[in-house]
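Participant: This structure is in structure tokens; I'll ask about it shortly.
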Amino acid sequence: GDMGKALQEGAKGGHYARKSAPSFAQRRALGAFVLLQDGTPNPSGERPNDPQRNADNLKAASYFLGVDAVGLSRCPDWAWYSHDATGEKIDPPHPNAISMIIDQGFETMEGASGDDWISVAQSMRAYLRFSLLGGVIAQQIRNLGYQAKAHSVMDGDVLQPPLLLLSGLGEVSRIGEVILNPYLGPRLKSGVVTTDIPMTHDKPIDFGLQNFCENCNKCARECPSGAITAGPKLMFNGYEIWKSDSQKCATYRITTEGGAMCGRCMKTCPWNLEGLFSEAPFRWAASNIPKLAQPLAKLDDMVGRGGLNDVKKWWWDIELYEDGGYKPARKPINRRDLSKNLDVQYKDQTLAVYPAHLAPHPWPYPFPMDREKGIAAYEAMITAEEYRKQIVDGRLDPPHKYSASGQSPVVRVEVSRVEKMTEDITKYEFKSLDGSALPEWSAGAHLDVLVAPEFLRQYSMSGDPANREVYQIGVLKEETGRGGSKTMHRIFTPGRKVFISKPINHFELDETASKTFLMGGGIGITPMIAFAHRLYALNKEFELHYSSSHSGAAGYLSDLAAAPWANRVHYHFSQEGNRADFAKILRGYEQGWHVYLCGPHRYMEGVVSAAEAVGFPEDTVHLEYFSTPDVPDYENHDFILRLEKSGKEIFVPADKDAATVLAEYGYAVDLKCSDGICGVCQCRVLEGEVEHRDFVLSQKQRQTTMILCQSRAAQKGGVLTVDI
Ligand code: SF4
Ligand code: SF4
Ligand code: FES
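Structure, rendered in structure tokens:
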């Protein structure tokens, strides 16, 4: 799902993992282990078939290699994704699952706040260890003659939480989808090997966690983004779960500037235990005496467990700079201690959830998340208790039942040809995978090309609209651009399968024109070629004018020379002394003439003013430009907060936010994310117009409430009366 510009920037090129040095080092190695994940079984393997012996050996080998806990279960069909990342249907191939968990490291977590600069490195360390160990176990099973695939963070076809539950590695916790293990707490990463080797299965476990989490709210209180519910378990998608707001969590983890990602819920949970024996009394009491859950949770808090321990902090807080170096972090580091005085109440939380009908479609194409609907969906969920009552009353209809509808906005095609036309301009052709005709298109259309998940780029189609065998685009490599065209030049090679949109046309040709001028500057020539093909097919009068600095920089020269309409093409190479004189080209305007133009900004300005000057009406001048939705660039200005209870007026300068200024005046404002995500700093507004800059409130809530850490008065010098 598309969750806005800040998130896109933070995620681009995996920046959230790259920005921390020890994380990036491991992230690269992770890619190498993909080679171990899957393969063909040895046809002359021994195929041992004693299920108990196989189970014992698999566990022994896993523990010997260094897996922290391993559990065996069936791998039911519903634990498999329905489709893989390319859209291919998955037919569940293996009946069994070996679930493994890897400790993220107690010592380091002791020294961390959970959301400072070591956080993402702890995750990567655990992912890396599973990729290697799970990969080795999978390979050994294949050596024995059975099928096996390791499902890692890089590539997996199964949902891991239900498999962890089935194999007895933990229980569902308040944190949400995190399965909590009685020895490691939530401080773990998991991985699964699926296989067809016969094995006996373990059983799910109950160590009293449901009761414990009901009596403990610590993760909800400590979560910096306010993503964890302080309320009851609800029914989501047929599961009974403490449903967290994954949008808030993802936003915080990817955009936080004071660290890299987050695992504060793991760090502060009372079950974040040190070892098998050192906290055995806690584990025993928490599991066996339900009444002790609340006192134990309180005691854990009182003694400051989950707080900061600077003695254990061994790493430097360094971050990736634009020049590629890792240097001391620029922004204040997230070194928060426990917020013992914060009382997070469910009634004050604004949470969103995205069931199937609101979730992003399965295709790799942007899908804006509708938080309003997400909030409403959260409110519509019923408690597990209500659901049980419904079952007793015989109301067995599932409370939510959705099916995906609509057609894919993208098609998967093969790069069939790559032709470097100049030093910087390359022509790419795409054909369908099965050789069938591609969807129809018309001159002026463009394609959205999914270069990489973070680079969706629009390119005008340059071929002949009558040709449905291939689509063709021309791409200029922009050295100083945002990276999309450079990535494309690097990775789009013949045979590569890529996703593109169906042709989209915002630049329609008026086929009734009595004469058409096609004006292309630089790479802006591409749509003009498609127009020329069409106009020629219609037997219409047209001229194509192609401007470039010199012929060596101009792409498509041989295509233009070979076109049946080659005699209509005029070349203008400024460095070769024949710069285009737009006024001369367009002079003598007659009714029914149209001009189409595409090129650099200054080129477009030149053509437009010449067309205007010679009398082309506005609606006969057609421009091609692409726009991408942007989050507005807010401008900060001063404003005044009027405090209702005391009548006091507080000046908020442009360089500070309301929450900071209130704190300076001694008013306690609960603060967590400071990014407008978590919602703890919300405050009632009695009067005044607010510019809402948060990502948490619903439109309805915005009528009466503001987020103090981000939102401001709508006008410069505006006055907001707040309920303080
Ligand atoms: S923001 Fe951090 S503490 Fe909150 S749920 Fe996400 S990972 Fe856990
Ligand atoms: S912090 Fe408390 S409520 Fe949250 S998962 Fe741990 S035990 Fe459960
Ligand atoms: S502190 Fe999180 S929204 Fe303001």
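Here this note's numbering is used: the first residue of the sequence shown is 31, the next is one more, and so on.
Beta carbons: idealized from backbone N, C-alpha and C, even for Gly.
Since this is a predicted model, take the numbers as computed values, not measurements.
Spell out the partners DSSP gives T817 in its beta bridges.
Facilitator: Any answer about residue 817 is impossible in this case: the structure gives the chain only from 31 up to 754.
Participant: Note down the Cα distance separating Q621 from D540, rounded to an integer number of angstroms.
Facilitator: As a first step, residue 621 must be located in the sequence shown, where it is residue number 591. As a first step, residue 540 must be located in the sequence shown, where it is residue number 510. Looking at the two C-alpha atoms, the distance is approximately 13 angstroms.
Participant: Cutting at 8 angstroms between CB atoms, please list the residues of its own chain near T658, excluding the five before and the five after it.
Facilitator: Within the sequence shown, the letter at position 628 stands for residue 658. Any reading at T658 must be qualified, since the residue scores a pLDDT of 38, below 50, and its modelled position is unreliable; the value itself is stated next. The answer is none, since no qualifying residue turns up.
Participant: Are there 16 or more other CB atoms within 10 angstroms of the CB of Y664, so buried, or fewer, so exposed?
Facilitator: Here the question's residue 664 lines up with position 634 in the sequence shown. So Y664 counts as exposed.
Participant: Tell me which residues share the same chain as G551 and place their Cβ nearer than 6 angstroms to its Cβ, disregarding the 5 neighbours each side in the sequence.
Facilitator: The residue labelled residue 551 in the question sits at position 521 within the sequence shown. The residues are S577, G629, P630 and Y633.
Participant: Quick one: grab the DSSP three-state call for D86.
Facilitator: Position 56 of the sequence shown, counted from the first residue, corresponds to residue 86. In the structure shown, D86 sits in a helix (DSSP, three-state: H, G or I).
Participant: Report yes if the C-beta of G144 is less than 8 angstroms from at least one heavy atom of ligand 1; otherwise report no.
Facilitator: Along the sequence shown, read from residue 1 onward, the residue named residue 144 stands at position 114. Yes, the beta carbon of G144 sits closer than 8 angstroms to at least one heavy atom of ligand 1.
Participant: Would you kindly work out how many angstroms separate the C-alpha atoms of V222 and V183, rounded to a whole number?
Facilitator: Taking the first residue of the sequence shown as 1, we reach residue 222 at position 192. Taking the first residue of the sequence shown as 1, we reach residue 183 at position 153. So the two alpha carbons sit approximately 10 angstroms from each other.
Participant: Examine ligand 1 and report whether any of its heavy atoms sits within less than 8 angstroms of the Cβ of P254.
Facilitator: Along the sequence shown, one-based indexing puts residue 254 at 224. Answer for P254: yes, Cβ within range of ligand 1.
Participant: Beta-carbon separation of P557 and H476 under 9 angstroms?
Facilitator: Within the sequence shown, the letter at position 527 stands for residue 557. Within the sequence shown, the letter at position 446 stands for residue 476. Result yes, Cβ atoms of P557 and H476 sit closer than 9 angstroms.
Participant: Does the Cβ of L701 lie closer than 8 angstroms to at least one heavy atom of ligand 3?
Facilitator: The residue given as residue 701 occupies position 671 in the sequence shown. Short note on L701: C-beta closer than 8 angstroms to some heavy atom of ligand 3.
Participant: On the three-state DSSP scale, how would you describe Y458?
Facilitator: Locating residue 458 in the sequence shown gives position 428, where the first residue counts as 1. Looking at Y458 - three-state DSSP - the assignment turns out to be strand.
Participant: Answer yes or no: do N126 and D226 have a C-beta to C-beta separation smaller than 9 angstroms?
Facilitator: In the sequence shown, the residue the question calls residue 126 occupies position 96. In the sequence shown, the residue the question calls residue 226 occupies position 196. Going by C-beta atoms, N126 is nearer than 9 angstroms to D226.
Participant: If you draw a straight line from the alpha carbon of Q379 to that of L468, how long is it in whole angstroms?
Facilitator: For this step, residue 379 is matched to residue 349 along the sequence shown. For this step, residue 468 is matched to residue 438 along the sequence shown. Between Q379 and L468, the C-alpha separation is close to 49 angstroms.
Participant: Please give the ranges of any alpha helix (DSSP H) in the stretch 165-197, keeping only runs that are unbroken, at least 4 residues long and fully inside the region.
Facilitator: 190-196
Participant: Closer than 8 angstroms to a non-hydrogen atom of ligand 3 - does that hold for the CB of V691?
Facilitator: Working through the sequence shown from its first residue, we reach residue 691 at position 661. Not under cutoff, so the answer is no.
Participant: Could you tell me whether the stretch 718-732 touches the stretch 685-694, using the rule of 3 or more Cβ pairs below 8 angstroms?
Facilitator: no
Participant: Residue ranges of each beta strand (DSSP E) run of no fewer than 3 residues wholly in the stretch 224-286, ordered along the chain?
Facilitator: You should have 264-266 and 269-271.
Participant: Would the beta-carbon of N87 be found less than 8 angstroms away from any heavy atom of ligand 2?
Facilitator: Indexing the sequence shown from 1 puts residue 87 at position 57. Checking the Cβ of N87 against ligand 2 gives no.
Participant: By how many angstroms is the C-alpha of G200 removed from the C-alpha of P212?
Facilitator: One-based indexing of the sequence shown puts residue 212 at position 182. One-based indexing of the sequence shown puts residue 200 at position 170. For P212 and G200, the distance between alpha carbons rounds to 7 angstroms.
Participant: Taking the alpha-carbon of G504 as reference, which of I555, K545, P495 and S531 has the nearest alpha-carbon?
Facilitator: Along the sequence shown, read from residue 1 onward, the residue named residue 504 stands at position 474. Nearest C-alpha to G504: I555.
Participant: Between the Cα of D367 and those of E140, D649, G198 and V710, spot the shortest distance and give me the residue it belongs to.
Facilitator: Residue numbering aside, residue 367 sits at position 337 when the sequence shown is read from its first letter. Comparing Cα positions, the closest option is E140.
Participant: Are the stretch 747-754 and the stretch 669-685 in contact at 8 angstroms, needing three or more beta carbon pairs?
Facilitator: yes
Participant: Does the stretch 289-300 come into contact with the stretch 240-260, if we say contact requires no fewer than three beta-carbon pairs (one atom in each stretch) closer than 8 angstroms?
Facilitator: Result yes; three or more Cβ-Cβ pairs closer than 8 angstroms.
Participant: Between V100 and Y111, is the Cβ-Cβ spacing less than 9 angstroms?
Facilitator: As a position in the sequence shown, residue 100 is number 70, starting the count at 1. As a position in the sequence shown, residue 111 is number 81, starting the count at 1. With contacts defined by Cβ atoms closer than 9 angstroms, V100 and Y111 do not form a contacting pair.
Participant: Any idea if Y351 is buried or exposed, counting beta-carbon neighbours within 10 angstroms, 16 or more meaning buried?
Facilitator: The count along the sequence shown starts at 1 and reaches residue 351 at position 321. By the 10 Å Cβ count, Y351 comes out exposed.
Participant: Of the residues A36, L163, N84 and D146, which one's Cα is nearest the Cα of Q67?
Facilitator: By one-based count along the sequence shown, residue 67 stands at place 37. That would be L163, whose Cα lies nearest to the Cα of Q67.
Participant: Taking Cβ positions, are P228 and I209 nearer each other than 9 angstroms?
Facilitator: Numbered from its first residue, the sequence shown carries residue 228 at position 198. Numbered from its first residue, the sequence shown carries residue 209 at position 179. No; because the gap between Cβ atoms is not below 9 angstroms, this pair is not in contact.
Participant: Go ahead and pull the three-state DSSP assignment for T735.
Facilitator: The sequence position of residue 735 within the sequence shown is 705, counting from 1. Three-state DSSP puts T735 in a strand.
Participant: Can you name, in chain order, every residue of its own chain whose Cβ lies under 7 angstroms from the Cβ of N241, other than the five neighbours on each side?
Facilitator: For the purposes of this step, residue 241 is taken as residue 211 along the sequence shown, with counting starting at 1. Closer than 7 angstroms at the Cβ level, and outside the excluded window around N241, lie P320 and A323.
Participant: Indicate whether C279 and A260 have their beta-carbon atoms separated by less than 9 angstroms.
Facilitator: As a first step, residue 279 must be located in the sequence shown, where it is residue number 249. As a first step, residue 260 must be located in the sequence shown, where it is residue number 230. Against a cut-off of 9 angstroms, the Cβ pair of A260 and C279 comes out as no contact.
Participant: Am I right that E349 and K49 are in contact with their C-beta atoms under 8 angstroms? What's the rounded C-beta distance?
Facilitator: As a first step, residue 349 is located in the sequence shown; it is residue number 319 there, counting from the start. As a first step, residue 49 is located in the sequence shown; it is residue number 19 there, counting from the start. Confirmed, about 5 angstroms.
Participant: Under a Cβ-count criterion, where at least 16 other Cβ atoms within 10 Å of its own Cβ denotes burial, should D660 be classed as buried or exposed?
Facilitator: Residue numbering aside, residue 660 sits at position 630 when the sequence shown is read from its first letter. The predicted model places D660 with a pLDDT of 41, which falls under 50 and marks its position as unreliable, so this point remains unresolved.
Participant: Does the stretch 597-617 come close enough to the stretch 501-518 that 3 or more CB-CB pairs lie under 8 angstroms?
Facilitator: no
Participant: Which first and last residues belong to the beta strand (DSSP E) in which T751 is found?
Facilitator: For the purposes of this step, residue 751 is identified with residue 721 of the sequence shown, where counting begins at 1. Note, T751: beta strand (DSSP E), V749 to V752.
Participant: Name the residue from S129, R204 and L548 whose alpha carbon lies nearest to the alpha carbon of G198.
Facilitator: What you label residue 198 is simply residue 168 of the sequence shown in a count that begins at 1. Closest option to G198, Cα to Cα, is S129.
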